[in-house]
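Enquirer: Per this note's numbering, the very first residue in the sequence shown carries number 1; after that it's consecutive. Built from N, CA and C at the ideal position, the CB exists for glycine as well. No experiment lies behind these values; they were computed from the predicted model shown. After the C-alpha cells below, expect a handful of questions from me.
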Amino acid sequence: MQEVKSPMLKVCCICSSPSSASPHFGAISCLACAAFFRRTVSLSIEFQCSENNSCKVYYEQRIICKACRYQRCIMAGMKSECVQKRKNIKKSSKEENSSPRSISPREVPILTNFPLVPKHAVSPSTSSFSNNSFPNSATTDCSSTPIFSPIVPTYNNFKPIITNQMEIFENLRSIDILEHFVEEERRSMERRRIMFSSSPLEALLGCSSPFSVSDLIPFTVKSHNTHMRFDHLLSFEYTKNLPGFHHLSIEDRICIFKYVIMGFCALDIAYLTSQMNMVEQGYLVFTNATYSSALNFDVGWDDEDEISAEEKAKLIWPMNQKFYEQLLKPMAKINLDQVEYSALKALTLWRTCYFELSPSAKLFAKELEYGIIKGLHNYYQNREDGPERMGDVILFISNIFDVYLTIIENYKKLELFNLIKIDIFVKELLQL
Numbered sequence: 001m002q003e004v005k006s007p008m009l010k011v012c013c014i015c016s017s018p019s020s021a022s023p024h025f026g027a028i029s030c031l032a033c034a035a036f037f038r039r040t041v042s043l044s045i046e047f048q049c050s051e052n053n054s055c056k057v058y059y060e061q062r063i064i065c066k067a068c069r070y071q072r073c074i075m076a077g078m079k080s081e082c083v084q085k086r087k088n089i090k091k092s093s094k095e096e097n098s099s100p101r102s103i104s105p106r107e108v109p110i111l112t113n114f115p116l117v118p119k120h121a122v123s124p125s126t127s128s129f130s131n132n133s134f135p136n137s138a139t140t141d142c143s144s145t146p147i148f149s150p151i152v153p154t155y156n157n158f159k160p161i162i163t164n165q166m167e168i169f170e171n172l173r174s175i176d177i178l179e180h181f182v183e184e185e186r187r188s189m190e191r192r193r194i195m196f197s198s199s200p201l202e203a204l205l206g207c208s209s210p211f212s213v214s215d216l217i218p219f220t221v222k223s224h225n226t227h228m229r230f231d232h233l234l235s236f237e238y239t240k241n242l243p244g245f246h247h248l249s250i251e252d253r254i255c256i257f258k259y260v261i262m263g264f265c266a267l268d269i270a271y272l273t274s275q276m277n278m279v280e281q282g283y284l285v286f287t288n289a290t291y292s293s294a295l296n297f298d299v300g301w302d303d304e305d306e307i308s309a310e311e312k313a314k315l316i317w318p319m320n321q322k323f324y325e326q327l328l329k330p331m332a333k334i335n336l337d338q339v340e341y342s343a344l345k346a347l348t349l350w351r352t353c354y355f356e357l358s359p360s361a362k363l364f365a366k367e368l369e370y371g372i373i374k375g376l377h378n379y380y381q382n383r384e385d386g387p388e389r390m391g392d393v394i395l396f397i398s399n400i401f402d403v404y405l406t407i408i409e410n411y412k413k414l415e416l417f418n419l420i421k422i423d424i425f426v427k428e429l430l431q432l
C-alpha cells in the first residue's frame, strides 16, 4: 500500500509560528507578523533596537523586539509598497444629508454568545452618555471571526471556582462597561485640573483637558517626586472602582494595581501630549503639568540640587525617548478622543496583566474586555471609519508592552543605585 504524504506545514518566516502561515505582502508569515508589518508601514513607525539588532524573534516569546521583528519582515521579503495606504474618508454632501449608515457586522465583528457587568459594581456617581453620542445597546449579530479573538470566552471549558462566580458575571452584564471607564477617566482629569491648573474651577464646567499650555512649567525631578503620590492615588481609585474588583483574590488585586501604577503614567503622558498638540513640537507633557523637550536638552534638563543635568540626561533621557517614539508619535497620528482613550487604557490593563492572573481572574478580565469592545462597537455604529478606528485602538496596545519593561528596568536601576528617590508604593510593588 502506497504511503500518503501529508502536505508540508507552512511556517512563518519571521517568528517561526506554525499557525496560519500564508502569503502576506510578499512573504510567508503568520497573521500577527502581517498585522505588525501593516501597522508599522501605514503609521510610518520607526523602531530602535537596544541590542545591536541581534534580538531573537520567536513566536513563543512574550515580548519581541519590534526593531528586529521589522528587520526580519524586510529580510523575509515583505514589501512596504504592498501595504494599502490609509484612507482619508470624506463624505459627500449627499451622504451627509442622508441618515448615517450603521456599521455592518462584517465590518466590526462583535463578540457573541458572551454575556456583559452589576450596576451596584459601579460608582453611584457614574454618569451616562447621551443617546446621540453613545448608543447604549448593540443590535447587530456577527458570524465573522472576532478581531479580538483571544478574549472570546468558552464557559463550557471552565468549571466555576466559587459557587457564585456565574452570578457575579451575570451581574457584570447589566451595566455599560465602557461608560464606566470613560467616567473614571473624566474624574481623573478633573482631579488633575484642580491640582495643577491655574483655573481649577473650570473642572466644574466640564473642561476635558486637565490643564492648558500656559499652565506648563519645565520638568524637574523634585516636582516629579513630590507629585508621584498623587498619580498613585488616582491609580488606586481607578483600581478600587473596577467593576467586580472586590470579588478578586488579594493576589489578583495587587497584580492589577501594579500594572495600573506602572503602565498608566506612560499612557497618560502620551495622551496629554497629543491632546495639547505638543508632539510635533518635540515635547513631553507630564501628568503634573510639567514638560520637557524630547529632541534636545533645551527644556527640563537643567541642573538641580539633588541631580546634575548630566546625570538627569543619562538616567531619564533613554526612557523619555522610548515614550516619545513608541507612544507619543503613534498616539498623535491616530488622534484618540476621550472615549477611545478610555477604552485603550482599560484594554491595555487587561492585556498586560493577563498572564499573571489566576484562572478565575482571567475569566473576569475577559468579561470586562468583551464589554469594552462591545461599547466601542456601539460608539462607532454611525461612523464610516468605525472599523479602522477600532483597529487603531486595538493595535496600539502592543506598543505599551516594551515600554512597560523599560519602566520596570528603569525603576529598579534607580532604586539599586539610589540615584533618585523612589516612592514607597513603587518600592513595594517592585518586590512582588
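Measuring only the C-alpha atoms, how far is Val339 from Phe47?
Expert: In the sequence shown, the residue the question calls residue 339 occupies position 339. In the sequence shown, the residue the question calls residue 47 occupies position 47. Whole-angstrom Cα-Cα distance: 28 angstroms.
Enquirer: Quick one: any contact between the region 23 to 38 and the region 68 to 77, if contact means 3 or more CB pairs under 8 angstroms?
Expert: The region 23 to 38 is in contact with the region 68 to 77.
Enquirer: I need the straight-line Cα distance from Ala32 to Leu395, nearest angstrom please.
Expert: Position 32 of the sequence shown, counted from the first residue, corresponds to residue 32. Position 395 of the sequence shown, counted from the first residue, corresponds to residue 395. For Ala32 and Leu395, the distance between alpha carbons rounds to 10 angstroms.
Enquirer: Would you identify the three-state DSSP class for Ala27, choosing helix, strand or coil?
Expert: Here residue 27 is taken as the residue at index 27 of the sequence shown, counted from 1. Note: Ala27 maps to strand in three-state DSSP.
Enquirer: With DSSP collapsed to three states, give me the class of Tyr380.
Expert: Against the sequence shown, residue 380 aligns to sequence position 380. DSSP places Tyr380 in coil when its eight states are reduced to three.
Enquirer: From this set, Asp252, Lys374 and Cys55, which residue's C-alpha is nearest Glu356's C-alpha?
Expert: Stepping through the sequence shown from its first residue, residue 356 is reached at position 356. Closest option to Glu356, Cα to Cα, is Asp252.
Enquirer: For Pro135, name the three-state secondary structure that DSSP assigns.
Expert: Sequence index remark: in the sequence shown, residue 135 carries index 135 (1-based). Confidence is the limiting factor: at Pro135 the pLDDT is only 38, short of 50, which leaves the residue's position unreliable, though a coordinate-based value still follows. Here Pro135 sits in coil by DSSP.
Enquirer: What are the boundary residues of the beta strand (DSSP E) that Tyr291 is part of?
Expert: Position 291 of the sequence shown holds residue 291. Unbroken beta strand (DSSP E) run through Tyr291: Thr290 to Ser293.
Enquirer: Thinking C-beta only, is Lys329 closer than 8 angstroms to Val279?
Expert: For the purposes of this step, residue 279 is taken as the residue at position 279 of the sequence shown. For the purposes of this step, residue 329 is taken as the residue at position 329 of the sequence shown. The answer is yes: Cβ separation under 8 angstroms.
Enquirer: Have a look at Cys13 and Leu267 and give me their C-alpha separation to the nearest angstrom.
Expert: Here the question's residue 13 lines up with position 13 in the sequence shown. Here the question's residue 267 lines up with position 267 in the sequence shown. If you take the alpha carbons of Cys13 and Leu267, they lie about 32 angstroms apart.
Enquirer: Out of curiosity, what's the CA-to-CA distance linking His246 and Ile217?
Expert: As a working note, residue 246 is residue 246 in the sequence shown. As a working note, residue 217 is residue 217 in the sequence shown. If you take the alpha carbons of His246 and Ile217, they lie about 39 angstroms apart.
Enquirer: Mind checking which residues open and close the alpha helix (DSSP H) that includes Leu234?
Expert: As a working mapping, residue 234 is identified with position 234 in the sequence shown. Its alpha helix (DSSP H) spans residues Val221 to Lys240.
Enquirer: Expressed to the nearest angstrom, what Euclidean distance is found between the alpha-carbon atoms of Val260 and Tyr324?
Expert: Position 260 of the sequence shown, counted from the start, is the residue given in the question as residue 260. Position 324 of the sequence shown, counted from the start, is the residue given in the question as residue 324. Straight-line Cα distance between these residues: approximately 20 angstroms.
Enquirer: Ignore the nearest five residues each way along the sequence and tell me which others in Ala346's own chain have a CB closer than 6 angstroms to its CB.
Expert: Here residue 346 is taken as the residue at index 346 of the sequence shown, counted from 1. Within the same chain, Ala346 has close Cβ partners Phe181 and Ile372.
Enquirer: Where do the ends of the beta strand (DSSP E) carrying Val285 lie?
Expert: Here residue 285 refers to the residue found at position 285 of the sequence shown. Taken as a continuous stretch (DSSP letters only), the beta strand (DSSP E) holding Val285 covers Tyr283 to Val285.
Enquirer: How many angstroms separate the CA atom of Arg191 from the CA atom of Phe37?
Expert: Working through the sequence shown from its first residue, we reach residue 191 at position 191. Working through the sequence shown from its first residue, we reach residue 37 at position 37. In a straight line, the C-alpha of Arg191 is about 39 angstroms away from that of Phe37.
Enquirer: For Ile64, would you say it is in contact with chain C, using Cβ-to-Cβ distances shorter than 8 angstroms as the test?
Expert: The structure shown contains no chain C; it is built from a single protein chain.
Enquirer: Check for me: the alpha helix (DSSP H) holding Val260 runs from which residue to which?
Expert: As a first step, residue 260 is located in the sequence shown; it is residue number 260 there, counting from the start. Element bounds for Val260: Ile250 to Gln275.
Enquirer: Run through DSSP, which three-state label would Pro243 get?
Expert: Residue 243 sits at position 243 when you count from the first residue of the sequence shown. In this structure, Pro243 counts as coil in the three-state DSSP scheme.
Enquirer: Is the region 302 to 310 touching the region 361 to 377 in the sense that three or more CB pairs, one from each, lie closer than 8 angstroms?
Expert: The region 361 to 377 is not in contact with the region 302 to 310.
Enquirer: Measure the C-alpha to C-alpha separation of Val83 and Ser42 and round it to an integer number of angstroms.
Expert: Reading the sequence shown from its first residue, position 83 is the one you call residue 83. Reading the sequence shown from its first residue, position 42 is the one you call residue 42. Between Val83 and Ser42, the C-alpha separation is close to 7 angstroms.
Enquirer: From Ser188 to Ala289, what distance separates their C-alpha atoms?
Expert: Residue 188 sits at position 188 when you count from the first residue of the sequence shown. Residue 289 sits at position 289 when you count from the first residue of the sequence shown. Cα to Cα, the separation comes out at about 14 angstroms.
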